[in-house]
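Residues 1 to 342 (the UniProt record's numbering) make up the sequence shown, in order. Note that CB positions come from ideal geometry on N, CA and C, so glycine has one too.
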Amino acid sequence: MVEKRKKTRSTSSSVDPTTRYAMDVASGKEIAGPDIRNSCKRHLKDLESCHARGLVWDTETAQRAIDFFAKVLKLNGGEHEGKPFNLLPWQCFIVGSVFGWQNSDGYRRFRMVYVESGKGSGKSPLAAGIALYCLVADKEPRAEVYAAATKKDQAMILFRDAVAMVDQSPALAQRINKSGGAGKEWNLAFLQTGSFFRPISSDDGQSGPRPHCALIDEIHEHKNNQVVEMMRAGTKGRRQALIFMITNSGHDKTSVCYDYHEYGRKVAEGSIEDDSFFSFICSLDEGEDPFKDESCWKKANPSLGHTFTDRYLREQVTQARGMPSKESIVRRLNFCQWVDAD
Numbered sequence: 001m002v003e004k005r006k007k008t009r010s011t012s013s014s015v016d017p018t019t020r021y022a023m024d025v026a027s028g029k030e031i032a033g034p035d036i037r038n039s040c041k042r043h044l045k046d047l048e049s050c051h052a053r054g055l056v057w058d059t060e061t062a063q064r065a066i067d068f069f070a071k072v073l074k075l076n077g078g079e080h081e082g083k084p085f086n087l088l089p090w091q092c093f094i095v096g097s098v099f100g101w102q103n104s105d106g107y108r109r110f111r112m113v114y115v116e117s118g119k120g121s122g123k124s125p126l127a128a129g130i131a132l133y134c135l136v137a138d139k140e141p142r143a144e145v146y147a148a149a150t151k152k153d154q155a156m157i158l159f160r161d162a163v164a165m166v167d168q169s170p171a172l173a174q175r176i177n178k179s180g181g182a183g184k185e186w187n188l189a190f191l192q193t194g195s196f197f198r199p200i201s202s203d204d205g206q207s208g209p210r211p212h213c214a215l216i217d218e219i220h221e222h223k224n225n226q227v228v229e230m231m232r233a234g235t236k237g238r239r240q241a242l243i244f245m246i247t248n249s250g251h252d253k254t255s256v257c258y259d260y261h262e263y264g265r266k267v268a269e270g271s272i273e274d275d276s277f278f279s280f281i282c283s284l285d286e287g288e289d290p291f292k293d294e295s296c297w298k299k300a301n302p303s304l305g306h307t308f309t310d311r312y313l314r315e316q317v318t319q320a321r322g323m324p325s326k327e328s329i330v331r332r333l334n335f336c337q338w339v340d341a342d
């Protein structure tokens, strides 16, 4: 039986990074689309009503998770190689929300997270960092952490990001044991708590995973809900398990991804009340056309100017204008517009 955690006392939230982002979005200082504006309004509203609803906003726990990225993790690849993983404001909002919001028993409020943004925003390294935090810093005995996908190759993408972060971090490299040769790693073990992190796919035939944290990448490519349900079913015995889904926008509005997209939108706007579900959905306002108005680009690309430049997007738009066959994929991958076909 899992022992009940001591209730964590709520602290002031006036200046914490999570709430600061929500306030900046609400005031218009930070550019964001309608669904993120709703997610931020939800956070601010919850701060006012949390005590009556049995929710706790713990800024210390939120900050501890945010600090883990900057103090422990390093980025890999290109010009960012070896640099500290300093979260951007929107990433602080996600990490702080996921780990800072608790139920009255001190356990995590949000158990399912859906993040949708333009390609190249940094979703994958963010997810890998969250998985490593859950592996070594979330105080969960025998934590099982998975990068899950329909195919092993897809699951390996997120897992390799995590392996690279371990290699870059002296603090993690001396605490985490890797299984497999260089470039062929298949397991990360944190022996102190008997925990592990490994890739898994629906075609593995593995039964009985009990994830403390499961990353699910590019859910728009999933033909059904099999992977999500496989992970979700295994969380039954975990008091604060986390299913963390990331994706670009898709093209099939009958897909499982679109179901989560719509569900996340409704939870953020308040038409569905689900205190266990968190969404961060990048989207444009109705009537906006990114091919005609560059000012809306950041709504779909919250890392614009950091992980890539507006020059890249401008090149994509220019080519799509001259090649009609490319337009739908540019709109989908770069501007979070659900289109009928590529």
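- Around the beta carbon of Lys151, a 10 Å sphere encloses fewer than 16 other beta carbons of the protein chains shown; the residue is thus reported as exposed.
- If you check the CB distance, Ala131 and Ala182 do not come in under 7 Å.
- Contact between the segment 88 to 104 and the segment 51 to 69 is established, with three or more Cβ pairs separated by less than 8 Å.
- Nearest to Gly106 by C-alpha distance, out of Gly78, Ala127, Ala320 and Thr59, is Thr59.
- The beta strand (DSSP E) runs lying completely inside the segment 64 to 145 and spanning 3 residues or more are 101 to 103 and 112 to 116, given in chain order.
- Comparing C-alpha distances from Ser283 to each of His261, Ser276 and Val267 shows the shortest one belongs to His261.
- In terms of Cβ geometry, Ala62 and Gly96 form a close pair [threshold 7 Å].
- When DSSP reads this structure, Ser201 sits in a beta bridge with Ala149.
- About 4 Å separates the CB atoms of Tyr114 and Gly264; that is less than 8 Å, so the two are in contact.
- For Asn224, no beta strand (DSSP E) segment is defined, and its DSSP state is neither H nor E.
- For Cys282, the three-state secondary structure derived from DSSP is coil.
- If you draw a straight line from the Cα of Lys45 to the Cα of Ala52, it comes to about 12 Å.
- Cβ contact annotation for Glu140 (same chain, cutoff 8 Å, sequence separation greater than five): Cys134, Thr193, Ser195, His212, Arg238 and Gln240, in chain order.
- Shown here for Asn187: same chain residues with a beta carbon closer than 8 Å to its own, the five before and five after excluded, namely Lys178, Ser179, Gly180, Phe196, Phe197 and Arg198 in chain order.
- Taking the Cβ atoms as the reference, Pro302 lies roughly 12 Å from Cys296, outside the contact range of under 8 Å.
- The beta-carbon separation of Gly129 and Met165, rounded to 7 Å, stays under the 8 Å limit for a contact.
- Between Leu215 and Phe190, the C-beta gap is not smaller than 7 Å, which leaves the two residues out of contact.
- Taking 4 residues as the shortest admissible run, the segment 230 to 288 contains the following complete alpha helix (DSSP H) segments, listed from N- to C-terminal end: 256 to 269.
- Annotated three-state conformation of Asn301 is coil, per DSSP.
- DSSP, reduced to helix, strand and coil, places Phe159 within a helical segment of the structure shown.
- In this chain, the beta strand (DSSP E) harbouring Cys213 covers Cys213 to Asp217.
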